[in-house]
Each structure stands twice: as C-alpha cells, then as structure tokens.
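One structure below.
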Amino acid sequence: MKVEAEIPRLKKITIDVDEESTVGQLKKKLCEELSLEHSLTTILHGGKPIPEGEQLKNLPEGKLKFELDYLWSRQTLIWGLEGQKLLREAKVFIAGAGALGNETAKNLALMGVGRITIADHDTVETSNLSRCVFFDRNDVGGFKASTLAHKLEKKFPYVEFKAYNMRVEEVPDEEILTSNVLISGLDNLASRAYMTSLANRYNIPLVDGGMAGNLCRIQSFTPGQSPCPICMIPVLDYGQLTGLRNPCSAPLEEATTPSLMTATSLVSAVQSSEAVKLILMGDKNLREKLSIHPLEGVLIIDLQFNRFSLMPLKKNPNCFICGVRGIAKDHVRVFELNFNGQPVPYRLLIEKIKEILETVEEPHLYERKNGGYINLVKNQIRGEKRINTGSYIHVIFKNKSDQYKEAIIKLM
C-alpha cells in the first residue's frame, strides 16, 4: 500500500509499506528516507499524534496521509534538511560559561548543534544568578563550566556536551582543532587575544562578543578574510595582553564590569546566529543558495540611546596577532598520520614527518599538556620511546625557504 507523508511546506514523500505495518514501523521508514532522527520526530494523522503500535490497516481508508512533526521543522524552512544536517554534525567551542556562555550554549542547543564544548576556570557566585539562566543558589561555589554542561545535558539530551574547568589556555588541542566555530564570551583582553590567536593559527572562524552595561559588541572573524578582534586594539593597550605594567604604579584592583541580562541576551542571540552562519557556510551550494553573509566589521549596540551601528574595520598590518609580525600571523597546517591505533616508535615518527613536511633537518617535536609544551626529544630515548596514537604533536621545522614553520600532526 502507498502512504503519503510530509514535513509541512518543506518536503513530501510517498512510500510503499505493508498494510500489516504499524505506525512505528512507518515512522522508522520515513525517518530513514528523510534522514531524520527517529526519537526527535512525531508522526501525526489528522493533525494529532497517533500511537506507534497502531496498525495502518485499522486507520480510515483513503486517509493514509501523515504529517511528520520534526523537532526542527520550523527552522529547516530556512536552511532545509541539508542545513540542519550540517548543524547536527557540527562542533562549537565556547570559551566562558558566564552570562554569555549560558545564553549562547542554550541557543545553539535549541537549534540542534550536535556537540558543544565549554571551558571556564571560574566558579559560580551569587551575583551570577540574576544573569545566568542555568545557575541557581545550590550551584554557588561550583565550577561554571561543568555546572552549565550538567544542566544543559538534562535539558537537551540530543546534544553532546563536554566541560573543562580550566582556563582556555589549558584546554587540550583536540577540542580546538576539531571545532567548526570558536565562540568567545570572555571579559578580559588577554584571553580574547589568546582565542583570536588560536582562530588565526588554526584557520577556525571565531565569534567574539562582550557587553558593558547598555553597550553590546559582536564581531565575526574568518581567518584570512577579515580583520581579527585584536586589530582594533590600540598599541598602548598591548600591555594588557601580556600582563605588563609599570612596577611603580599602584596595585591594580579587579574591575567589575556593569552587566544587564537584556544586553547579554542580545549579544548571545547575534553570536549564535553568526555561529550558525559560519557552520552553514561550510557547504558552498548552501552558502550561495541562502546568500549567507556573516558580519563585516563590529556590530555596536547602545540600548540606552537606541543606536545600532556596524562599524567597518580594516586589517591592521601592525596587529599583535595577525599583523605582518604578529604572533599568530601564519596558518598552521594539520596533518594526520595513520598507525592503525598502535604506539609509534619515535624514530619512525620522525622519518614520516620529514617525508610529509619535505624537510631534511631534524624537526623539533612538542606535545601540549596542562597549558605548557613538553619537548619530546628530552623525554625519550631515541629509537625506543613510543608515542601513543590520538596525540597531537606540534612540529617546528625548517622549510625549503630556510624559514622556521609550525605544523601539527595527529597520530591515528
């Protein structure tokens, strides 16, 4: 027997099924045909849900038309099932689990981003409760990142969450390198600069946002195509990036930034929207079809005086991060070496790396742990030490132009 089904205004489908089939079996077949998650789809008949154990032959004849109520059926009207598939397969890294982190993680989970990693070393304070939707009084004193991830897991079981109760500088390489988009919700300049350097070095889009009272700021950064968030920072403020200060000055007091929940919601909404754009841009056909355009410049919003301004930016050739002499001016290539999951002898690894990078000189190998770098040469006996697969190895080598460059090797 033939059965008709549709996702309203999006897609219609006709399939053949056995008349002895149940509604649940029909739903499974329809979900397979349309690549929908079975558990996130409800089948409707006459606009109402029907028991999945009901047999099709018991339904009124001539009315075998069904509607599929998919969890994201409304937003798929904008970017289609192919766009939603990209979101479900995407991974986003969020730096900061405060007010912005709460809202942005919630927005991305609601839209169906498949994997979200959150990093923050800070703990929940009472003053956070009026601005962080997922924190309550029982959470005070606990780590923000793991507390937020735990609450999100309960609310959104169809999204994979991972938390790191540490500074972003200490997060394992894998979490950054496997992300489609980085989001910065940090309130200090040094950490924002670090996130920007990661984005530029590893060629990963970054959405930076912040607020102070009624003022909001959001910027999208696509490495190689747009100015980075540090391009607009005056040279006189570079001391904040490195922690330098006049030793004769009075001790610095920790600044408390004014914060409003309304501003937080607005910034996170734009950040989330920008992150989705950057994910969807991964498909060239979809990018052209939807005419996707991330922010160009910095969006400044003043809620007190009702001003919305898109401030144009130019790439700063003297930028501390991406400028001609910037610390992260070069994109770092990432390679994979397959050793079938077996530990790798150090000497064999060296020879394989030299082949890939086309370098004659001995490369220098480092592994990043706990925010620092371990020199693998000093921690092994040449030819005997084996390195575990799954590791990300930082390689410093000299190229054919006699310049020192960096690459990353993932051991498979």
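With this note's numbering, you'll find the sequence shown wraps up at 488, consecutive numbering, no jumps.
Yeah, the Cβ is synthetic: ideal placement off N, Cα and C, and Gly gets one too.
Bear in mind that the values here come from a model prediction, so they are computed numbers and not experimental data.
For leucine 112, no beta strand (DSSP E) encloses it, and the DSSP letter there is neither H nor E.
Around the Cβ of phenylalanine 142, a 10 Å sphere holds 16 or more other Cβ atoms; the residue is buried.
DSSP, read as helix, strand or coil, puts lysine 428 in helix. Distance check between tryptophan 155 and each of Asn451, Leu356 and Pro439 places Leu356 closest, using alpha-carbon atoms only. Residue ranges of uninterrupted beta strand (DSSP E) with 3 or more members, entirely inside the stretch 139-166 and ordered along the chain, are 141-146. DSSP places glycine 315 within a helical segment (H, G or I) once states are collapsed to three.
Aspartate 313 is classed as exposed because its beta carbon has fewer than 16 other beta carbons within 10 Å across all chains shown. Exposure of alanine 288 is indicated by the presence of fewer than 16 other C-beta atoms within 10 angstroms of its C-beta. With a contact defined as Cβ atoms closer than 8 Å, isoleucine 91 and glutamate 109 qualify at about 6 Å. A residue is called buried when at least 16 other Cβ atoms come within 10 angstroms of its Cβ; lysine 88 does not meet this threshold and is exposed. Secondary structure note for histidine 369: it is in no alpha helix (DSSP H), with a DSSP letter that is neither H nor E. Shown here, glycine 286 sits in a strand according to DSSP, grouped into three states. The DSSP assignment places 422-433 as complete runs of the alpha helix (DSSP H) inside the stretch 385-438, in order along the chain (cut-off: 4 residues). An exposed status is given to phenylalanine 381, since fewer than 16 other beta-carbon atoms sit within 10 Å of its beta-carbon. Proximity to glutamate 95 across Arg164, Val311, His197 and Gln131 peaks at Gln131, based on C-alpha coordinates. With a contact defined as Cβ atoms closer than 8 Å, glutamate 158 and leucine 362 qualify at about 6 Å.
The alpha-carbon of aspartate 215 is positioned some 7 Å away from that of threonine 223. Beta-bridge annotation (DSSP): aspartate 92 is paired with Lys78. Scanning Ile463, Lys161, Lys231 and Val200 for the CA closest to the CA of asparagine 241 turns up Val200. Taken atom to atom, the span from the alpha-carbon of tyrosine 234 to that of threonine 254 is near 19 Å. Bounds of the beta strand (DSSP E) holding arginine 444 are 440-445. The Cβ atoms of aspartate 284 and glycine 174 lie no closer than 9 Å to each other.
Looking from the CA of cysteine 395, the closest CA among Ala269, Asn414, Glu482 and Ile472 belongs to Ala269. Residues of the same chain with a CB within less than 7 Å of the CB of histidine 121, apart from the 5 flanking positions on each side, are Leu135 and Phe142 in chain order. The stretch 396-409 makes no contact with the stretch 334-343, as fewer than three CB pairs between them are under 8 Å. Take histidine 440, set aside five residues on each side of it, and the residues of its chain with a beta-carbon closer than 6 Å to its own are Ile472, in chain order. Scanning its chain for C-beta atoms nearer than 7 Å, with the 5 sequence neighbours on each side dropped, one finds around lysine 428 the residues Leu413, in chain order. Per the C-alpha coordinates, the member of Leu176, Thr180 and Leu184 positioned closest to glutamine 160 is Leu184. Unbroken alpha helix (DSSP H) stretches of 4 residues or longer found wholly inside the stretch 163-224: 175-186, given in chain order. Annotation: the continuous alpha helix (DSSP H) that includes aspartate 249 extends over 249-253. Collapsing the DSSP output to three states places arginine 277 in a helix. Inter-residue distance for histidine 470 and phenylalanine 384 is about 43 Å (C-alpha atoms, whole angstroms). For the set Thr202, Cys307 and Lys167, the Cα lying nearest the Cα of arginine 401 is the one of Cys307.
As computed with DSSP, arginine 462 is found in a beta bridge with Pro421.
Take lysine 220, set aside five residues on each side of it, and the residues of its chain with a beta-carbon closer than 6 Å to its own are Ala173, Asp196, Asp198 and Val200, in chain order. For valine 471, the enclosing beta strand (DSSP E) begins and ends at 468-474.
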